[in-house]
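Presented below is the structure to which this report refers.
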Amino acid sequence: MTYYRMALGAATVLALAIPAKAQDKTLTIAGSGGVVKEITEKVFLPAYEEATGWKTNFVAAESNIMLEVRTMLASGKMLYDAMEVSASNYPIGVKDGLLAKIDYDLLDPNGELPEKAKKEFGVVAAAYSTVLVQRLDKNPEGRKIESWADFWDVETFPGPRSLNRQPQYTLEFALLADGVATDDLYDVLGTEEGLDRAFAKLDEIKDHIPVWWTSGAQSVQLLSDGEVFYSSTYNGRVTKLQESGIPAEIVWNGGALHTSYVGIPKTAPNYEAAHDWIRIRTMRPDLEIEYVKQLPYPNFAPGLFDQMSEDMARNMPTYPENAEVQFVANDEFWAANIDHIRERFDEWLLE
Amino acid sequence: MHIMKPSLLLTGYFWLIVAYMIFPALIVIPVSFSSSEFLRFPPEDFGLRWYGVYFTDPVWIAATVTSFRVAVLSTVIATTVGTMTGLAIIRSPTHAQAPLTYATTIPIVIPHIFIALGVFILALRLDLTDNEVALAFAHAAVAMPFVVLITSAAIRQIDPTIERAARVLGAGPFRAFRVATLPPLLPAMVAAAIFAFFVSFDELIIAQFLMKGSETLPMRIWADLRLDISPVVAAVSGLLIVVTTVALACAEILRRRAISTLAP
Amino acid sequence: MKFRQILWLFLPATLLLVAFIAAPSFDLFRASVFDPDFTTEHFERLINRSVYLDVMWRTIRVSLTVAVLCTLIGYPVAFFINLQPRRRQTLLLFLILIPMWMSILIRTYAWIVILGRDGLVNQMLAMLGLATEPMQMLYTSGAVLAAMVQILLPIQILTCYAAMTEIDFDLIRAARVLGARPRQALARVFLPLSLDGTLTGLVIVFMLSMGFFITPALLGGRQDTMIANLIEFQVQRLNWSFAAALGVVLLVLTVGMIVALRGAGKLLARRVLKGGL
Chain A
7 MTYYRMALGA
17 ATVLALAIPA
27 KAQDKTLTIA
37 GSGGVVKEIT
47 EKVFLPAYEE
57 ATGWKTNFVA
67 AESNIMLEVR
77 TMLASGKMLY
87 DAMEVSASNY
97 PIGVKDGLLA
107 KIDYDLLDPN
117 GELPEKAKKE
127 FGVVAAAYST
137 VLVQRLDKNP
147 EGRKIESWAD
157 FWDVETFPGP
167 RSLNRQPQYT
177 LEFALLADGV
187 ATDDLYDVLG
197 TEEGLDRAFA
207 KLDEIKDHIP
217 VWWTSGAQSV
227 QLLSDGEVFY
237 SSTYNGRVTK
247 LQESGIPAEI
257 VWNGGALHTS
267 YVGIPKTAPN
277 YEAAHDWIRI
287 RTMRPDLEIE
297 YVKQLPYPNF
307 APGLFDQMSE
317 DMARNMPTYP
327 ENAEVQFVAN
337 DEFWAANIDH
347 IRERFDEWLL
357 E
Chain B
156 MHIMKPSLLL
166 TGYFWLIVAY
176 MIFPALIVIP
186 VSFSSSEFLR
196 FPPEDFGLRW
206 YGVYFTDPVW
216 IAATVTSFRV
226 AVLSTVIATT
236 VGTMTGLAII
246 RSPTHAQAPL
256 TYATTIPIVI
266 PHIFIALGVF
276 ILALRLDLTD
286 NEVALAFAHA
296 AVAMPFVVLI
306 TSAAIRQIDP
316 TIERAARVLG
326 AGPFRAFRVA
336 TLPPLLPAMV
346 AAAIFAFFVS
356 FDELIIAQFL
366 MKGSETLPMR
376 IWADLRLDIS
386 PVVAAVSGLL
396 IVVTTVALAC
406 AEILRRRAIS
416 TLAP
Chain C
206 MKFRQILWLF
216 LPATLLLVAF
226 IAAPSFDLFR
236 ASVFDPDFTT
246 EHFERLINRS
256 VYLDVMWRTI
266 RVSLTVAVLC
276 TLIGYPVAFF
286 INLQPRRRQT
296 LLLFLILIPM
306 WMSILIRTYA
316 WIVILGRDGL
326 VNQMLAMLGL
336 ATEPMQMLYT
346 SGAVLAAMVQ
356 ILLPIQILTC
366 YAAMTEIDFD
376 LIRAARVLGA
386 RPRQALARVF
396 LPLSLDGTLT
406 GLVIVFMLSM
416 GFFITPALLG
426 GRQDTMIANL
436 IEFQVQRLNW
446 SFAAALGVVL
456 LVLTVGMIVA
466 LRGAGKLLAR
476 RVLKGGL
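Protein chains in written order, with our numbering: chain A, 7 to 357; chain B, 156 to 419; chain C, 206 to 482.
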């Protein structure tokens with residue numbers, strides 16, 4: 007019976023061969039994968055390394071990031087120094103105490119950042135919109151979708167649709183379709199009757215939604231495949247969709263304008279160095295313009311719009327004409343109400 | 156070996172089912188030669204664009220290499236441990252066999268996301284995150300029950316009296332096992348090993364929790380499908396089909412050699 | 206074999222399972238009833254809302270259907286391979302193995318290409334003039350079943366095959382010599398001998414089905430949600446304790462069903478051995 011000893015021996019040797027982790031002077035940043043990761047690695051990381059002499063480790067954390075941070079906090083071992091915090095994750099991070107406060111004296115001693123970029127637990131890294139996108143070639147002759155009311159009008163615009171599998175912003179769209187004004191959205195949604203009204207509106211369209219998307223890429227793929235004709239999606243990938251020959255068009259009217267952030271998880275090992283990273287990521291228009299060329303998700307780096315052509319600016323969710331017809335997604339509302347609304351939404355979906 | 160000839164009906168049925176299983180594999184191949192930005196069928200323009208992306212992107216290559224390393228180590232662990240366990244179960248008293256099988260195969264029913272969460276906490280405590288060896292062991296723990304099921308089913312069919320006879324004739328326990336039990340067991344072990352490899356190579360969730368800096372291939376594919384859906388995924392699977400076909404052919408040749416040298 | 210030797214053989218598996226399965230699972234079991242104090246609210250929620258009971262029932266139903274379909278479809282395939290000369294068998298096994306090696310993600314995506322509104326089937330139907338409007342096949346239960354069976358079928362075929370190769374063909378020859386017809390020899394000798402491995406395959410497929418989430422998530426509609434999808438979803442929602450409770454339920458249902466399946470298998474085996482089918 008020597009073979010089990012061999013196996014155990016091999017296991018021990020392998021366990022001992024675990025490389026020691028280099029931890030000094032490396033900033034670990036968690037963020038999205040894919041294009042975002044690519045551009046970050048190309049644009050921001052080298053600038054940071056050059057400015058500080060630190061090394062960086064960019065981790066693609068995907069959708070489980072808040073879960074990971076929570077687990078790390080519980081275990082007392084935080085691996086991340088800084089992280090991207092999406093619009094929907096920010097309230098969770100605040101509510102559950104996963105994020106550390108930003109020290110603005112340290113980050114921005116000269117006060118260059120505009121107020122709208124500054125949050126208590128994060129700095130705006132990108133602004134983006136959840137907008138209605140239509141396949142022009144699937145529209146009835148001479149008609150075009152112009153609002154969420156049209157999206158709900160399955161008589162005039164027949165065909166499969168898709169919405170985000172999240173109550174956030176989806177319920178707002180339902181209320182807009184039901185005639186609620188953008189300014190009143192969250193007042194209405196804050197009442198039981200308003201909530202009932204939103205779900206009643208969603209009931210109307212439930213059967214016309216074969217699939218609820220769970221990632222931005224999925225919603226765009228659905229439009230590309232012709233699997234759905236109309237969908238909510240993030241404004242960022244629509245350009246690529248158009249470039250690939252799909253006659254898709256954004257309806258800015260009734261879009262939800264969001265901001266996502268870069269923040270610092272609680273107990274991050276390099277709190278101060280993380281601020282250097284945030285400065286590079288959010289306050290450098292020369293770097294940001296490179297990012298925006300790839301992804302139309304601008305932040306509030308001072309002087310960013312001065313560097314854009316008119317055509318390019320027009321594609322930005324924060325372009326005045328676009329911003330005007332949208333509503334600003336209310337993160338605080340969702341932070342306070344997410345639990346019971348989401349539970350109801352999830353169970354409504356299963357019905 | 157011919158005890159009866161398969162009827163024409165059965166032959167036709169066989170190829171129908173093979174087509175059903177393989178057709179999706181074949182469909183991925185033309186998609187991989189598309190040069191469009193989105194996964195689309197039929198592809199509009201053909202080209203090697205996405206193969207180029209795969210081979211020139213160090214991220215994809217690194218992910219592939221990582222997955223391969225983890226899967227090989229995990230297969231070795233799972234097959235060794237699993238076969239030992241299968242052997243132990245069958246050589247246990249009859250009334251103990253069923254409970255022992257349940258005890259060692261229960262992990263199959265635990266959702267991966269659960270194991271992933273638990274192992275992640277454990278790895279954090281022991282400072283083993285982003286450690287391929289830890290991932291390989293976790294994968295082995297998930298794959299081992301399958302090895303137990305496959306090998307124990309095979310061992311049950313093997314006559315233990317031959318091994319006992321070998322012992323009586325003076326062979327040590329290991330030698331007796333090697334000469335009497337191992338050869339008929341080998342096909343099941345190979346099947347189990349292939350299965351274990353497949354479990355690890357295809358496993359997404361545990362890897363996603365455990366690996367931070369480096370990515371495995373499924374993590375890369377998942378990230379691509381979720382964030383950047385591109386036909387590079389199709390190119391990767393096209394390559395995988397070719398590589399695995401070759402690798403399986405090699406494995407089969409080796410296995411035959413092993414059997415012919417072991418045979419008394 | 207001596208008792209101590211058997212214990213030694215069990216040791217590595219015990220270590221592996223305790224470290225990587227039992228200890229982590231225990232933590233999560235605890236999470237299902239401590240949030241942070243002892244509570245049964247999560248289980249109550251599961252039992253009190255019919256939507257969750259529906260999901261549980263559906264998970265069992267779909268998994269059973271997939272397991273039975275894989276067995277019915279796979280058994281003759283394994284049998285066919287077994288009838289071939291040795292060299293040919295290897296070649297045919299290749300055909301079974303190749304799709305198995307493909308990522309489940311990829312195989313699922315392939316079904317999207319096939320079943321989509323602009324997909325292969327709809328294009329063919331339109332070309333043949335059989336349909337004017339594209340049919341909705343994606344995001345239906347049928348799509349989930351077709352893909353799950355396709356994904357899990359190779360496992361059942363391989364398990365059946367492995368069991369069949371162990372059968373001593375002399376027994377069948379003996380039966381033939383003693384006057385049994387081919388069909389009789391099959392039903393009385395071959396089938397009972399291959400039953401154990403076949404049932405193992407059925408149970409494996411069933412278990413794997415119970416934990417499936419990629420395929421129902423990508424190919425099914427909201428009416429095709431299975432327990433694993435709910436767990437995935439709740440974990441993403443950071444509802445750990447509720448997810449943990451769902452996991453416990455999944456575990457109990459799966460183990461219960463396996464015990465039931467095994468029991469039914471034994472009964473069946475006894476009947477088959479006694480009097481054929």
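Just so you know, even glycine gets a beta-carbon here, dropped at the ideal spot from N, CA and C.
Query	Result
Chain-ordered chain A contacts of A323 of chain C [CB-CB under 7 Å]	Note that residue 323 of chain C is Asp in the sequence shown here, rather than Ala. Near D323 of chain C (Cβ distances below 7 Å), the residues of chain A are D231 and G232.
C-beta neighbour in chain C for V172 of chain B, strict 8 Å	In the sequence under discussion, the amino acid at residue 172 of chain B is Ile, which differs from the Val named in the question. Closer than 8 Å: yes.
Check whether T240 of chain B and V303 of chain B have beta carbons under 8 Å apart	yes
Span of the alpha helix (DSSP H), counted from its first residue to its last, around K272 of chain A	Taken as a continuous stretch (DSSP letters only), K272 of chain A belongs to no alpha helix (DSSP H), as it is neither H nor E.
C-beta atoms of N321 of chain A and S238 of chain A nearer than 8 Å	no
Under 7 Å from the C-beta of Y175 of chain B: neighbouring residues of chain C	Q355
Cα-Cα separation, A351 of chain B to W306 of chain C	11 Å
C-alpha gap between A465 of chain C and V408 of chain C, whole angstroms	10 Å
Straight-line gap, I356 of chain C to G279 of chain C (C-alpha atoms, nearest Å)	12 Å
Same chain, Cβ closer than 7 Å to Q439 of chain C, five either side skipped, listed in chain order	F447, A448 and L451
For K125 of chain A, three-class secondary structure by DSSP	strand
Sequence-distant residues of its chain with Cβ nearer than 7 Å to T364 of chain C (five each side left out)	G402, T405, G406 and I409
Neighbour-count burial assignment, F239 of chain C, 16 or more Cβ in a 10 Å radius	exposed
Against chain B: residues of the segment 33-57 of chain A by CB proximity under 7 Å	S38, G39, G40 and V41
Sub-8 Å separation of Q140 of chain A and F205 of chain A beta-carbons	no
Residues from the segment 133-160 of chain A in contact with chain B, defined by Cβ distance under 8 Å	none
Where M12 of chain A falls, given that 16 or more other Cβ within 10 Å makes a residue buried	Here M12 of chain A scores only 36 on pLDDT, less than 50, and its place in the model should not be relied on; the value that follows carries that caveat. Result: exposed.
Given D109 of chain A as reference, the closest of A:F127, A:A123 and A:A223 once Cα atoms are compared	A:F127
Chain-order list of residues whose beta-carbon lies under 6 Å from that of A474 of chain C (same chain, five-residue window excluded)	L400
Secondary structure, alpha helix (DSSP H): runs of 4+ residues fully inside the segment 308-396 of chain B	315-323, 328-331, 337-357, 360-365 and 372-382
Separation of L142 of chain A from K150 of chain A, as counted between CA atoms	7 Å
Within chain A, the residues that S229 of chain B reaches when beta carbons sit closer than 7 Å	Within chain A, no residue comes near S229 of chain B; the closest Cβ sits about 11 Å away, beyond 7 Å.
Contacts of Y168 of chain B in chain C (Cβ-Cβ under 8 Å)	P281, V282 and F285
Interface residues of the segment 91-122 of chain A facing chain C [CB-CB below 9 Å]	I98 and D102
Sequence-distant residues of the same chain with beta carbon closer than 8 Å to K27 of chain A, five excluded per side	Bear in mind that a pLDDT of 43 at K27 of chain A, under 50, signals an unreliable position, so the model cannot answer this.
Cut-off 8 Å between Cβ atoms - residues of its own chain near L458 of chain C, not counting five sequence neighbours on either side	M261, T264, I265, M415 and I432
Buried or exposed (CB count within 10 angstroms, at least 16 for buried), K43 of chain A	buried
Continuous alpha helix (DSSP H) stretch holding N63 of chain A: start and end	From DSSP, N63 of chain A is part of no alpha helix (DSSP H) but of the beta strand (DSSP E) over K61 to A66.
Cross-chain neighbours of F275 of chain B in chain A, by beta carbon under 7 Å	T77
Pairwise C-alpha distance: P216 of chain A and P359 of chain C	30 Å
Under 8 Å by beta carbon: chain B residues contacting N70 of chain A	Q363 and F364
Within chain B, partners of A474 of chain C - CB distance below 7 Å	The premise fails here: A474 of chain C is roughly 13 Å from chain B at the closest Cβ pair, so nothing lies under 7 Å.
M156 of chain B at chain C interface by Cβ criterion, 8 Å	Any reading at M156 of chain B must be qualified, since the residue scores a pLDDT of 42, below 50, and its modelled position is unreliable; no value is offered.
Beta-bridge partners of Y54 of chain A, as assigned by DSSP	According to DSSP, which records beta bridges pairwise, Y54 of chain A is partnered with nothing at all.
Pairwise C-alpha distance: A289 of chain B and A21 of chain A	Summary for A21 of chain A: the model assigns pLDDT 37, below 50, so the residue's position carries little reliability; its value from the coordinates is reported in the next sentence. So the alpha carbons of these two residues sit roughly 8 Å apart.
Identity of the residue in B:T238, B:I172, B:D282 and B:V274 nearest I360 of chain B by Cα	B:V274
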